[in-house]
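Worksheet for the structure shown next.
In the numbering used here, the protein residues as written are 4 to 315.
This is how it looks when you write it as structure tokens:
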């Protein structure tokens with residue numbers, strides 16, 4: 004329960020968790036001392052580790068909390084996350100960034116980002132680097148030099164007292180470029196093509212299958228326990244776009260699915276599924292659940308048959 008409350012990283016985070024952040028950031032192994040203390044925000048969201056040695060000065064309660072997380076396989080896991088979550092992640096020492104991000108923190112430009120711009124998150128880095136984006140092969144009014152007097156550079160000079168806005172924009176972009184596609188808010192994400200399920204009308208008491216891959220909410224919602232430690236999550240994006248002859252031909256098709264099983268729960272069980280669009284529709288079909296998929300035995304059950312129908 005302590006760990007769950009500590010990882011409540013949304014607006015209702017308990018006050019004691021802020022104190023825990025500071026204590027965990029102070030009590031680190033000696034090999035982490037090269038990471039500036041002001042950049043150690045959360046050991047579950049960044050690549051630095053806190054001390055788990057019982058002989059360290061780590062408070063007993065926090066030490067127990069961290070070890071509990073290790074014991075039950077706590078980590079960030081999910082197929083995709085909404086942009087609000089991606090943008091809330093800390094940019095410095097981002098847990099999924101390429102290792103070279105560590106080399107980007109010690110330069111004078113990075114120190115300016117930290118001290119004058121107070122840049123902390125992925126979203127702040129994205130906003131700062133926005134004037135560098137090319138749209139239809141053309142850049143914004145920004146000019147790639149530190150003497151640029153575009154609106155963005157002028158505002159940066161006034162609000163942060165930064166002498167080299169362009170260099171800071173470029174460094175913010177370099178930080179973002181270390182992120183894999185799954186964690187980069189600038190690239191296409193599954194949420195871009197996921198339909199609003201609440202807009203689908205219900206004619207009876209049917210349950211609408213939620214095919215969304217995207218985890219929504221805030222940073223509190225990205226953690227899982229009982230994870231498979233031998234499995235490394237993929238950091239590529241899962242964008243599933245419907246293929247049609249023309250973008251103008253995309254239509255929403257509604258189908259009903261169900262599964263059925265004979266002798267459910269017994270060795271003799273046989274399962275199948277049905278897919279129904281409309282009376283007389285040629286796309287209607289019935290399926291028998293295979294007993295094997297390669298070398299893997301498939302459980303014969305209603306639930307497995309329903310999954311097959313949805314997959315087809």
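We treat Cβ as the ideally placed atom computed from N, Cα and C, and that holds for glycine.
Positions of the alpha helix (DSSP H) runs, each at least 4 residues long and wholly inside the stretch 162–229, are given as 168–179 in order along the chain.
Rounded to whole angstroms, residue 166 and residue 202 show a C-alpha spacing of 50 Å.
Taking every protein chain shown into account, the CB of residue 109 has fewer than 16 other CB atoms within 10 angstroms, so this residue is exposed. Residue 262 carries a strand assignment under DSSP once its states are collapsed to helix, strand and coil.
Between residue 96 and residue 150 the beta-carbon gap is near 32 Å, outside 8 Å, which marks them as no contact.
Counted as a single uninterrupted DSSP element, the alpha helix (DSSP H) harbouring residue 8 occupies residues 5–9.
For residue 170, the closest alpha carbon among the candidates 158, 115, 79 is that of 115. Here the alpha carbon of residue 154 sits roughly 28 Å from the alpha carbon of residue 88. Inter-segment contact for the stretch 207–214 and the stretch 65–84 is absent: fewer than three beta-carbon pairs are separated by less than 8 Å. Within the same chain, 119 come within 8 Å of residue 164 by CB-CB distance, once the 5 residues on both sides are set aside. Boundaries of the alpha helix (DSSP H) around residue 113: 111–118. Contact between residue 90 and residue 35 does not hold, since their C-beta atoms are separated by about 26 Å, which reaches or exceeds 8 Å.
Using a Cβ distance threshold of 8 Å, residue 99 and residue 183 count as a contacting pair. Across the structure, residue 212 and residue 268 are spaced so that their CA atoms are roughly 24 Å apart.
Spatial neighbours of residue 215 in its own chain (CB-CB distance under 7 Å, excluding positions within 5 residues in sequence) are listed in chain order as 197. Per DSSP, residue 27 lies in no beta strand (DSSP E) segment; the continuous alpha helix (DSSP H) that holds it begins and ends at 18–29. Looking from the CA of residue 136, the closest CA among 160, 16, 173, 26 belongs to 173. In the displayed model, residue 40 falls within a helix according to three-state DSSP. Here residue 296 carries a strand assignment [DSSP, helix/strand/coil].
DSSP places residue 273 in the strand class (E or B) of the three-state scheme. Straight through space, the alpha carbons of residue 230 and residue 277 are spaced by roughly 33 Å. Cβ neighbours of residue 191 within its own chain (closer than 8 Å, five residues either side excluded): 240, 242. Apart from sequence neighbours up to five positions away, the residues of its chain that approach residue 266 with a beta-carbon distance below 6 Å are 272, ordered along the chain. Residue pairing from DSSP places residue 124 in a beta bridge opposite 93.
In the three-state scheme derived from DSSP, where H, G and I count as helix and E and B as strand, residue 48 is classed as coil.
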